[in-house]
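Enquirer:
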Amino acid sequence: MNVLEVKDLHKSFGSKTVLDGLTFSVSEGSVFGFIGRNGAGKTTTMKIILGLLQADSGEITICGERVRYGNTPTNKFVGYLPDVPEFYSYMTAREYLRLCGRVTGMKQSEIRLRTNELLELVGLAGEKHRIKGYSRGMKQRLGIAQALINRPKLLICDEPTSALDPLGRKEILEIISSAKGETSVIFSTHILSDVEKICDDAAILEKGRTVLCGTVSELKAKRSGSDVQIVPVSADDAQRIAQLLGGEVHSGTVIVANASQDKMLGILKTISESRIPVLKIEHAEPDLEQLFMEVIGE
Amino acid sequence: MNGFSPFLKKEFFELYRKGRLLLFGILFVFFGILAPATAKLTPALFKMMSGELEQQGIIIKDITSTAASSYEQFFSNLSIILIVFFVVFAGSVTSEFSSGSVIPLLTKGLSRKAMMLSKLISALITWSAGYWLCFGITYGYTAYYWKDDSVQSVIPAVLLWWLFSVMVICLMFFFSSFVRTHVQVMIGTGCVVFSFKLMSIVKTADKYLPSALTNSMNICTGKTSVADIIPAIIIAGTVCAGAGVLGVVLIGRRRV
Chain V
1 MNVLEVKDLH
11 KSFGSKTVLD
21 GLTFSVSEGS
31 VFGFIGRNGA
41 GKTTTMKIIL
51 GLLQADSGEI
61 TICGERVRYG
71 NTPTNKFVGY
81 LPDVPEFYSY
91 MTAREYLRLC
101 GRVTGMKQSE
111 IRLRTNELLE
121 LVGLAGEKHR
131 IKGYSRGMKQ
141 RLGIAQALIN
151 RPKLLICDEP
161 TSALDPLGRK
171 EILEIISSAK
181 GETSVIFSTH
191 ILSDVEKICD
201 DAAILEKGRT
211 VLCGTVSELK
221 AKRSGSDVQI
231 VPVSADDAQR
241 IAQLLGGEVH
251 SGTVIVANAS
261 QDKMLGILKT
271 ISESRIPVLK
281 IEHAEPDLEQ
291 LFMEVIGE
Chain Y
1 MNGFSPFLKK
11 EFFELYRKGR
21 LLLFGILFVF
31 FGILAPATAK
41 LTPALFKMMS
51 GELEQQGIII
61 KDITSTAASS
71 YEQFFSNLSI
81 ILIVFFVVFA
91 GSVTSEFSSG
101 SVIPLLTKGL
111 SRKAMMLSKL
121 ISALITWSAG
131 YWLCFGITYG
141 YTAYYWKDDS
151 VQSVIPAVLL
161 WWLFSVMVIC
171 LMFFFSSFVR
181 THVQVMIGTG
191 CVVFSFKLMS
201 IVKTADKYLP
211 SALTNSMNIC
221 TGKTSVADII
231 PAIIIAGTVC
241 AGAGVLGVVL
251 IGRRRV
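Residue numbers (the numbering used here), protein chains in the order written: chain V, 1 to 298; chain Y, 1 to 256.
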């Protein structure tokens with residue numbers, strides 16, 4: 001069953017078309033990577049899903065209920081982590097989670113229990129200070145806790161790792177992965193290694209529509225091959241290798257683009273038969289970054 | 001109206017944590033004492049300075065203060081307190097949107113209407129409580145020190161000034177519902193209030209303008225009766241209701 005379904009979504013700001021028939025779905029219990037470059041329309045899509053912004057046309061359903069703009073009852077199924085979450089800095093994390101629980105209509109005893117659980121999960125259980133002294137990473141962790149307070153069916157994270165250092169990113173990815181058991185996650189990002197680490201499914205957003213959608217392994221398989229790099233012992237041989245293999249020379253390294261496994265074997269055979277000494281031959285595993293570059297035409 | 005009660009509690013908690021309740025408590029008590037104190041001390045001050053002033057050729061004869069002097073001081077101080085209150089509260093709504101702090105709560109089901117009403121109600125309660133405390137202090141001291149009949153009807157005058165201040169606060173929230181910054185809120189509200197003052201230059205228009213509600217000493221001393229400014233009272237009440245309703249409608253259409 002799909003927790004979220006987005007069908008033929010259109011949105012323009014003045015003459016600028018941001019979403020142009022966007023369609024995708026998130027299945028129950030999965031972590032969905034929503035990939036796109038900056039300004040591709042990821043945040044706009046998320047705001048429309050949350051009823052904070054009105055779409056020009058299209059339909060969104062969450063757990064089978066249609067999303068409405070303004071007053072949005074489907075938000076009872078949703079937890080939202082904004083890209084740069086802002087909280088009431090004069091509160092402590094516990095006080096803030098209590099406020100969130102009350103707003104969602106939870107019972108007092110349930111709020112207390114859930115607050116303890118979540119502060120433990122995000123590593124803020126021992127934190128007694130007010131939010132104004134929190135680092136960006138701590139705010140992001142509190143952001144996940146507030147998003148999960150009402151046990152949502154869908155957790156929407158808008159670029160949760162973009163502004164963090166490597167350690168902060170690792171922590172956030174671990175927390176999102178651990179939340180996977182109790183909720184589906186849609187996770188927008190332009191950091192493709194994060195998608196490869198934690199996502200089951202992904203979609204690439206370009207020019208306002210999904211240009212590729214599927215499981216992460218399916219997406220990787222869409223790319224027929226990846227680049228082969230050959231470093232000859234003598235830089236003078238680089239041009240000769242490039243001619244033989246149909247590659248290009250960059251700073252003494254020959255690059256043969258988009259090579260399949262068969263082509264790789266052919267390269268090895270050609271080099272061996274030509275008896276050209278080489279220092280290194282590398283055939284990288286296909287990754288999302290290369291696919292993304294291909295798709296957006298860079 | 002989802003989330004009204006928790007958000008209202010949050011508003012008062014914010015006022016308490018940020019020290020604004022304490023600030024306004026001190027301010028209202030201070031101005032409550034200041035009015036009768038100034039009225040009481042002015043004659044004594046002039047008496048002390050009379051010798052010095054006489055050398056400069058200024059002869060001061062018997063200066064006496066009355067209950068009217070105390071209330072005159074009270075009403076002139078009210079504008080200062082209202083301006084301070086206005087400056088502190090002008091960013092209450094706009095800062096929630098500009099910082100994005102209300103967004104997580106909106107996505108949890110807090111209705112924008114509930115948010116707007118809790119903000120308006122908490123501001124009105126804080127202002128009204130302080131206002132009547134301030135008046136109560138002035139009233140107590142004035143009744144204790146002066147037994148004269150210079151003031152006939154102070155309560156209607158105080159009620160009318162309160163209505164004027166409520167109108168200003170409602171206008172402030174009306175502008176907050178659609179402008180981006182607290183400076184724009186102050187400019188918008190200031191322009192409306194200033195235009196009332198400007199129009200009151202025309203004598204025939206005065207009784208229709210809410211600014212007539214602040215001619216408090218004329219009402220206190222009986223120069224103007226409340227019946228004379230009923231149109232202004234109705235217009236002020238209508239502005240309060242209209243600004244409140246429009247504010248709630250417009251906040252629903254605000255782009256987040």
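By construction, the Cβ of each residue, glycine as well, lies at the ideal position given by its N, Cα and C atoms.
1) Tell whether a beta-carbon distance below 8 Å holds between LEU246 (chain Y) and PHE174 (chain Y).
2) Taking C-beta pairs closer than 8 Å, name the residues in chain V that THR126 (chain Y) reaches, listed in chain order.
3) Report, in whole angstroms, the separation of the C-beta atoms of GLY32 (chain Y) and THR138 (chain Y), which I expect to be a contact under 8 Å.
4) Going by the DSSP bridge assignment, what does GLU59 (chain V) pair with across the sheet?
5) Who are VAL166 (chain Y)'s beta bridge partners in DSSP?
6) Is VAL226 (chain Y) near ILE219 (chain Y), with beta carbons less than 8 Å apart?
7) Does any CB atom of chain Y fall closer than 8 Å to the CB of ARG102 (chain V)?
8) Grouping DSSP H, G and I as helix and E and B as strand, with all else coil, what is CYS199 (chain V)?
9) Do LEU78 (chain Y) and GLY3 (chain Y) have their C-beta atoms closer together than 8 Å?
10) Going by DSSP, what residues sit across from THR210 (chain V) in a beta bridge?
11) Taking contact to mean at least 3 C-beta pairs separated by less than 8 Å, is the stretch 120–131 of chain Y in contact with the stretch 177–192 of chain Y?
12) Where does GLU282 (chain V) sit, in a helix, a strand or coil, going by DSSP?
13) Using the C-alpha atoms, what's the distance from GLY208 (chain V) back to ALA145 (chain V)?
14) Give me the chain Y residues within the contact set of LEU99 (chain V), using Cβ-Cβ distance strictly less than 9 Å, ordered along the chain.
15) Okay, do the stretch 49–58 of chain V and the stretch 209–216 of chain V touch, 3+ Cβ pairs below 8 Å being the bar?
16) Between which two residues does the beta strand (DSSP E) carrying TYR80 (chain V) extend?
17) Against chain V, does GLY91 (chain Y) count as a neighbour if the rule is that its beta carbon must be under 8 Å from one of theirs?
18) I'd like to know whether the C-beta atoms of GLU364 (chain V) and ILE296 (chain V) end up nearer to each other than 8 Å.
19) Could you give the first and the last residue of the continuous beta strand (DSSP E) run that contains LEU22 (chain V)?
20) Output yes if chain V places a C-beta closer than 8 Å to the C-beta of ARG180 (chain Y); else output no.
21) What's the C-alpha gap between MET199 (chain Y) and VAL154 (chain Y)?
22) Among V:HIS283, V:MET138, V:LEU288, V:HIS190, which one has its Cα closest to the Cα of THR43 (chain V)?
23) Of the residues that make up the stretch 72–93 of chain V, which ones have a beta carbon closer than 9 Å to any beta carbon in chain Y?
24) How would you write the range of the beta strand (DSSP E) that THR92 (chain V) sits in, first residue to last?
25) Which same chain residues end up closer than 7 Å to ARG98 (chain V) when comparing Cβ atoms and leaving out the 5 residues on each side of it in sequence?
26) How is the beta strand (DSSP E) around THR74 (chain V) delimited, first residue to last?
27) Closer than 8 Å, CB to CB, is LEU148 (chain V) near chain Y or not?
28) Which one of V:GLU28, V:LEU52, V:LYS16, V:GLY51 has the shortest CA to CA distance from ALA40 (chain V)?
29) Measure how close the beta-carbons of ILE255 (chain V) and ASP227 (chain V) come, nearest whole angstrom, since I'm counting them as under 8 Å.
30) Just to check my reading of the structure: SER165 (chain Y) and LEU34 (chain Y) have Cβ atoms closer than 8 Å, yes? What is that Cβ distance to the nearest angstrom?
31) So, is the C-beta of LEU50 (chain V) closer than 8 Å to a C-beta in chain Y?
32) Taking the alpha carbon of ARG141 (chain V) as the point to measure from, which residue in V:ARG169, V:LYS153, V:HIS129, V:ARG130 has its own alpha carbon closest?
33) Does VAL256 (chain Y) come within less than 8 Å of chain V when only Cβ atoms are used?
Expert: Based on what the coordinates show:
1) yes
2) Those do not exist, as THR126 (chain Y) stays about 16 Å from chain V at its closest Cβ, beyond 8 Å.
3) 5 Å
4) V:LYS7
5) Looking at the DSSP assignment, VAL166 (chain Y) forms no beta bridge with any residue, so it has no partner.
6) yes
7) yes
8) coil
9) no
10) V:LEU205
11) no
12) strand
13) 31 Å
14) PRO6, PHE7, LYS9, LYS10, PHE13, LEU105
15) no
16) 78–81
17) Answer no: the Cβ-Cβ gap between GLY91 (chain Y) and chain V never drops below 8 Å.
18) The structure shown does not extend to residue 364 (chain V), since chain V is modelled only from 1 through 298, so no value can be given for it.
19) 16–27
20) no
21) 26 Å
22) V:HIS190
23) THR72, PRO73, ASN75, LYS76, VAL78, GLY79, TYR80, LEU81, PRO82, VAL84, PRO85, GLU86, PHE87, TYR88, SER89, TYR90, MET91
24) Neither: THR92 (chain V) is in no beta strand (DSSP E) and is coded neither H nor E.
25) ILE111, THR115
26) Unbroken run through THR74 (chain V): none, as it is neither H nor E.
27) no
28) V:LYS16
29) ILE255 (chain V) to ASP227 (chain V), Cβ: 6 Å. Contact.
30) Incorrect: roughly 18 Å between the Cβ atoms, too far for contact.
31) yes
32) Comparing Cα-Cα distances from ARG141 (chain V) to each of V:ARG169, V:LYS153, V:HIS129, V:ARG130, the minimum goes to V:ARG169.
33) yes
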